[in-house]
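Numbering (this note's numbering), first residue to last: 4 to 800.
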């Protein structure tokens, strides 16, 4: 075997041009596959950083009838689930919370979590310093305690061990630091720097109408996910019978923690991994074609070896060792390419993708790369190895240097046909993703994002307990912010569009019979200031915009979107219709209809939405400012005005609204860009492979072409002879590729927006594009055939 390896190395060194092309081709395929697998491994395969993470589950309220198949549970439902479940243990509830840290320099917003004490036992992570909070500290009125992250302890407090026992002011309340968590600790993928007890009051524990918790638990030993789902579904049905007013059509659904973290992106990642797998196969077919051509030129060598006693197994081994050496070198190149592109790929990944910041070439990824290399060695080396196996000793020696064209040419054409088939499938996928992304980008947003800067400010409950004080702050802050030179307009809202979050209310229209229990009308709401609409430049379709007079009860003036008006009024005008909003139990009157805005996911159809004045329930947190200034500059001025009202408030999350939208389409953009890059590489490799087959055919048929030209064949006949060598595999490959694409297109339908899987434009464009590239690939060898000198070709034969 060592002698075979040395011989293969020397042989490849002599044919340096062939070696470089083959290594680059396989290196591109292995590199792209490794880079994509590193993303898939980080998001879907790498074990979660908790002991027995496969037993950790998420428990949601199932409220599909209201448009939320996985809804955040209410506190009372959580406590009932915890008390009644026999299949789950260590059930914990938590919610994300934005703390304002004061007394340590300028007021700073810190992302955190409020949780019940079971959280740390569930995740099985112990603090680096100190301890975690107990059940006794998770009581209303108990002294405030907090656990901080390693990053906050290091960066803000200089890794001072004396921080344990020190009191911090969080949201105006004293909190004693009792522990520091290990580096990298996160709860369900959320970046957090502070954890405090939930500390529900007895009244809060009984609430069933407020849905804001996240609930996790652990499967008991030997309990399956299906058993837990069945039990929780039964508990939810009992609660529905026990509390029909609040729990009608409220079920329970249990998902694995992995599904919660990566389930939404899983189809996209697997589709991209499949596409890059096609690229690797194309690279293998390309190199196999090169190796077949190389083996054809070595037929006499194989015949001599056979005559001297080399068996067929020896000839087979020589070819496989050569392809394995090529694959090994290509593997090193592929790993280098994957490492080089790692940062670029990371920047393309959606922030919401679990593990997007932790992509690495770890041992598992390296093992995948070596497996890919072994696969390429077998796939690319098998065809030439079989050709060597079939070498006929006597026939090859008798014919001397004359090549046996027919069988070898057919094999190369088969490989090219396979490349074309795979390229059609890849280009079709890339074309569908591109068409879908363009549709997503061009959809009507319902507002003008250009020149809008968004910021976040959360008022602490302790200092702003009364609604009157909150309303006064929002009114005063807008007056000051609008007076800043360079600011055109400003407004407050609960959440900016595409934020994938927000509350909902049950709506009961006046003059209509109350809907049956379980069929209540539930509508997402946004609490806003009147200036929000002008700041966002939302088109008014009917009625008038919200004004100051609409913000005073007892009847509040509300705006609704176009989908709300169409769904609930079906062609009639919605203006002046009144209804009761269950969230604040207030009467509302519709005063205007605005265009639809994607308040949740940008790739979802618009939902009915109502916009309530914040005075009805002052729950706003996002500030939108229309200005020509840079975000950093306007944020500095806004912070100054906010501090002039209350120095204990912190402004954070400063970004352009255009950047918010860019993040919202990060997933579709990722699949479009990567699928496009992979498809472009496939197109290049297919063109090169086709050109190589036609060129080799010209070389092998040079005597025949020379004879035809000597007998008076015209240039057109010669061109037709050459083009026939490539047109047949291209045509068959195009037909097979289109047929397979049609059969498999529906598997990506869920990843498309506004485009059908059998999109006519895509299926018409892709074969045309490949046909043009194929003709260009065949043109250079054809022109070379026209330059053949008949006499020289005949003498050479």
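Cβ atoms here follow ideal geometry from the backbone N, Cα and C, with glycine treated the same way. A quick note: this is a predicted structure, and the numbers were derived from the prediction, not measured.
Exercise. What residue ranges within the stretch 159 to 206 form continuous beta strand (DSSP E) runs of no fewer than 3 residues, ordered along the chain?
Worked result: 170 to 173, 176 to 183 and 197 to 200
Problem set entry | Helix, strand or coil at residue 625 [DSSP, three-state] | For the purposes of this step, residue 625 is identified with residue 622 of the chain shown, where counting begins at 1. Residue 625: strand per DSSP, three-state reduction.
For this session: Please confirm if residue 76 has its CB atom under 8 Å from at least one CB of chain C.
Result: The chain inventory of the structure shown lacks chain C, comprising one protein chain alone.
For this session: Return helix, strand or coil for residue 147, following the three-state DSSP convention.
Result: In the chain shown, the residue the question calls residue 147 occupies position 144. Residue state, collapsed to three classes: coil.
Exercise. Under the three-state reduction of DSSP, which class applies to residue 81: helix, strand or coil?
Worked result: Here residue 81 is taken as the residue at index 78 of the chain shown, counted from 1. Residue state, collapsed to three classes: helix.
Exercise. Residue 89 by DSSP, collapsed to three states: which one?
Worked result: Mapped onto the chain shown, residue 89 falls at position 86. Reduced to three states, the DSSP call for residue 89 is coil.
Problem set entry | Bridge partners - residue 71, DSSP secondary structure assignment | Locating residue 71 in the chain shown gives position 68, where the first residue counts as 1. Looking at the DSSP assignment, residue 71 forms a beta bridge with 66.
For this session: Would you identify the three-state DSSP class for residue 582, choosing helix, strand or coil?
Result: The residue given as residue 582 occupies position 579 in the chain shown. In this structure, residue 582 counts as strand in the three-state DSSP scheme.
Problem set entry | Buried/exposed call for residue 529, threshold 16 Cβ in 10 Å | Counted from its first residue, the chain shown places residue 529 at position 526. So residue 529 ends up on the buried side.
Exercise. How far does the alpha helix (DSSP H) with residue 662 in it reach, from first residue to last?
Worked result: What you label residue 662 is simply residue 659 of the chain shown in a count that begins at 1. Here the alpha helix (DSSP H) through residue 662 covers 660 to 667.
Exercise. Does the Cβ-Cβ distance between residue 500 and residue 436 come in under 8 Å?
Worked result: As a first step, residue 500 must be located in the chain shown, where it is residue number 497. As a first step, residue 436 must be located in the chain shown, where it is residue number 433. Not closer than 8 Å, so no.
Exercise. Hey, would you say residue 69 sits closer than 8 Å to residue 218, going by beta carbons?
Worked result: Here residue 69 refers to the residue found at position 66 of the chain shown. Here residue 218 refers to the residue found at position 215 of the chain shown. For residue 69 and residue 218, no; Cβs fall outside 8 Å.
Problem set entry | Residue burial classification, residue 214 (beta-carbon count within 10 angstroms, cutoff 16) | What you label residue 214 is simply residue 211 of the chain shown in a count that begins at 1. Result: buried.
Problem set entry | the stretch 535 to 553 / the stretch 591 to 603 touching (three or more Cβ pairs under 8 Å) | yes
Problem set entry | Cβ contact (3+ pairs, closer than 8 Å) linking the stretch 172 to 183 and the stretch 134 to 154 | yes
Exercise. In or out: residue 763 buried (at least 16 other Cβ within 10 Å) or exposed?
Worked result: The count along the chain shown starts at 1 and reaches residue 763 at position 760. Exposed is the call here.
Exercise. Using the rule of at least 16 other Cβ atoms within 10 Å of the residue's Cβ for burial, across every protein chain shown, is residue 23 buried or exposed?
Worked result: Working through the chain shown from its first residue, we reach residue 23 at position 20. Residue 23 is exposed by the Cβ-count criterion.
For this session: Take residue 401 and list the residues in its own chain whose beta-carbon comes closer than 6 Å to its own, dropping the five residues that flank it on each side.
Result: Position 398 of the chain shown, counted from the first residue, corresponds to residue 401. Only weak support exists for where residue 401 lies, its pLDDT of 48 falling under 50; the value from the coordinates is given anyway. Here the set comprises nothing.
Problem set entry | Beta-bridge pairing of residue 136 - partner residues as DSSP gives them | Numbered from its first residue, the chain shown carries residue 136 at position 133. Residue 136 pairs with nothing; no bridge assigned.
Exercise. To the nearest angstrom, how far is it from the Cα of residue 736 to the Cα of residue 382?
Worked result: The residue you call residue 736 lines up with position 733 of the chain shown. The residue you call residue 382 lines up with position 379 of the chain shown. Those two C-alpha atoms are separated by around 19 Å.
Problem set entry | Contact under 8 Å by Cβ, residue 494 with residue 535 | On the chain shown, residue 494 is found 491 positions in, with the first residue counted as 1. On the chain shown, residue 535 is found 532 positions in, with the first residue counted as 1. For residue 494 and residue 535, yes; Cβs fall inside 8 Å.
Problem set entry | Alpha-carbon to alpha-carbon, residue 676 and residue 346 | What you label residue 346 is simply residue 343 of the chain shown in a count that begins at 1. What you label residue 676 is simply residue 673 of the chain shown in a count that begins at 1. Distance between the alpha carbons of residue 346 and residue 676 is about 15 Å.
For this session: Taking residue 651 and residue 466 to be in contact with their CB atoms under 8 Å, please state how far apart those CB atoms are, rounded to whole angstroms.
Result: Working through the chain shown from its first residue, we reach residue 651 at position 648. Working through the chain shown from its first residue, we reach residue 466 at position 463. Between residue 466 and residue 651 the Cβ distance is about 7 Å, and since that is below 8 Å, they are a contact.
Exercise. Hey, is the stretch 195 to 204 in contact with the stretch 109 to 116, meaning 3+ C-beta pairs nearer than 8 Å?
Worked result: yes
Problem set entry | Unbroken stretches of the beta strand (DSSP E), 3 residues or longer, contained in the stretch 472 to 560 | 490 to 496, 507 to 512, 524 to 531 and 543 to 546
For this session: Please determine if the stretch 157 to 177 and the stretch 203 to 212 are in contact, where contact requires at least 3 C-beta pairs separated by less than 8 Å.
Result: no
For this session: Determine the burial state of residue 761: buried for a count of at least 16 other Cβ atoms within 10 Å of its Cβ, exposed for fewer.
Result: Position 758 of the chain shown, counting from 1, holds the residue named residue 761. Result: exposed.
Exercise. CB residue 272 to CB residue 48, shorter than 8 Å?
Worked result: The residue given as residue 272 occupies position 269 in the chain shown. The residue given as residue 48 occupies position 45 in the chain shown. Cβ atoms of residue 272 and residue 48: not closer than 8 Å.
For this session: Would you mind stating whether residue 442 and residue 756 have Cβ atoms separated by less than 8 Å?
Result: On the chain shown, residue 442 is found 439 positions in, with the first residue counted as 1. On the chain shown, residue 756 is found 753 positions in, with the first residue counted as 1. For residue 442 and residue 756, yes; Cβs fall inside 8 Å.
Problem set entry | residue 415 beta carbon less than 8 Å from that of residue 696 | The residue you call residue 696 lines up with position 693 of the chain shown. The residue you call residue 415 lines up with position 412 of the chain shown. Cβ distance < 8 Å, so residue 696 and residue 415 count as in contact.
Problem set entry | Nearest-angstrom Cα separation, counted from residue 759 out to residue 752 | For the purposes of this step, residue 752 is taken as residue 749 along the chain shown, with counting starting at 1. For the purposes of this step, residue 759 is taken as residue 756 along the chain shown, with counting starting at 1. Computed Cα separation, rounded: 7 Å.
Exercise. According to the neighbour-count rule (16 or more other Cβ atoms, all chains shown, within 10 Å of its Cβ), is residue 206 buried or exposed?
Worked result: Within the chain shown, the letter at position 203 stands for residue 206. Flag for residue 206 reads exposed.
Problem set entry | Counterpart residues of residue 100 in DSSP-defined beta bridges | Counted from its first residue, the chain shown places residue 100 at position 97. The partner list for residue 100 (beta bridge, DSSP) reads 115.
For this session: With distances taken Cα to Cα, identify the nearest neighbour of residue 472 among 373, 662 and 621.
Result: Along the chain shown, one-based indexing puts residue 472 at 469. Among 373, 662 and 621, the Cα nearest to that of residue 472 is on 621.
Exercise. How about residue 661 and residue 463: do their beta carbons lie closer than 8 Å?
Worked result: Along the chain shown, one-based indexing puts residue 661 at 658. Along the chain shown, one-based indexing puts residue 463 at 460. In this structure, residue 463 does not lie closer than 8 Å to residue 661 by Cβ.
Exercise. Per DSSP, residue 456 forms a beta bridge with which residues?
Worked result: As a first step, residue 456 is located in the chain shown; it is residue number 453 there, counting from the start. Looking at the DSSP assignment, residue 456 forms a beta bridge with 628 and 659.
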